[in-house]
Each structure stands twice: as structure tokens, then as C-alpha cells.
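In the working numbering, the protein residues as written are 69 to 196. Heads up, the beta-carbon is just placed ideally off N, CA and C, and yes, glycines get one too.
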């Protein structure tokens with residue numbers, strides 16, 4: 069830690085100013101990330117409703133694989149650890165799938181249709 073030349077153990081005012089400047093930028097970036105994630109989840113909620121309305125599965129493994137490959141490339145180009153970027157995307161995708169499952173269940177219950185082969189009344193269907 070850089071201390072002031074007076075030996076009082078405090079942080080040098082120039083260093084404090086630079087820390088504050090950098091931390092303000094970090095705070096602004098954090099706010100932007102939160103707002104971008106909120107917008108992303110608004111879109112994925114709409115995707116979940118569309119999938120539920122058409123009885124599509126909550127997860128799309130092909131899309132997820134393409135997105136991971138794309139994100140890893142973006143991370144490499146941005147000098148960000150691709151493994152970190154992949155972990156971050158996997159975390160987000162897991163949450164999206166959880167939301168899609170919840171939407172599918174709610175839609176099925178509202179429509180009286182089946183969820184994973186089980187009618188909403190709880191009695192399993194039989195294969196014909």
C-alpha cells in the first residue's frame with residue numbers, strides 16, 4: 069500500500085483519487101451488467117413462453133453448444149479467460165432452463181395438458 073509521505077499511515081491522496089476513479093468505473097460497469105442481464109432474462113422469458121406454447125423442450129443443447137463456442141471466441145478476442153466465460157454462460161443457461169421449465173409447467177397446468185407424459189391431474193399416461 070502506498071502511504072502518504074507524512075507517515076500517518078493514510079493512503080496518498082493521489083492514490084485514493086485513482087482508486088476512487090477506477091472503482092466508480094467498476095460500479096458503472098456492474099450496473100450495466102445487471103441491466104443487460106435483466107434485459108437478457110426478459111427475452112429468455114419470452115422464449116420460454118413461446119416454447120411452452122408450442123410444447124418445445126426447455127433446453128436446446130445444439131444452441132447451447134453453439135453459444136458456448138461463440139462466447140469462448142468472443143472471450144479470447146477480448147482477452148478474457150474463455151473457461152471463465154463458459155462457466156458464466158453455463159450459470160446463466162441453467163437459470164434460463166429453470167425458468168423455461170417453470171413456464172412450461174405453468175402453461176401445461178393452465179391448459180390441462182401433460183408435462184413429461186403426466187397429465188396435470190397427476191395420473192401417468194400409458195404408451196399406446
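Under 7 Å between C-beta atoms of residue i and residue j
i           : j           : result
residue 143 : residue 153 : yes
residue 140 : residue 126 : no
residue 99  : residue 175 : no
Cβ distance (whole Å) where residue i is taken to contact residue j below 8 Å
i           : j           : result
residue 160 : residue 116 : About 14 Å; that fails the 8 Å criterion.
residue 135 : residue 157 : 6 Å
Classification of residue i by the beta-carbon crowding that lies within 10 angstroms, buried from 16 upward
i           : result
residue 103 : exposed
residue 101 : exposed
residue 168 : buried
residue 186 : For residue 186, the predicted structure reports a pLDDT of 49, less than 50, and the residue's modelled location is therefore unreliable. A value from the coordinates is still provided. Exposed.
Start-to-end residues for the alpha helix (DSSP H) that takes in residue i
i           : result
residue 162 : 150–179
residue 135 : 129–145
residue 105 : 81–121
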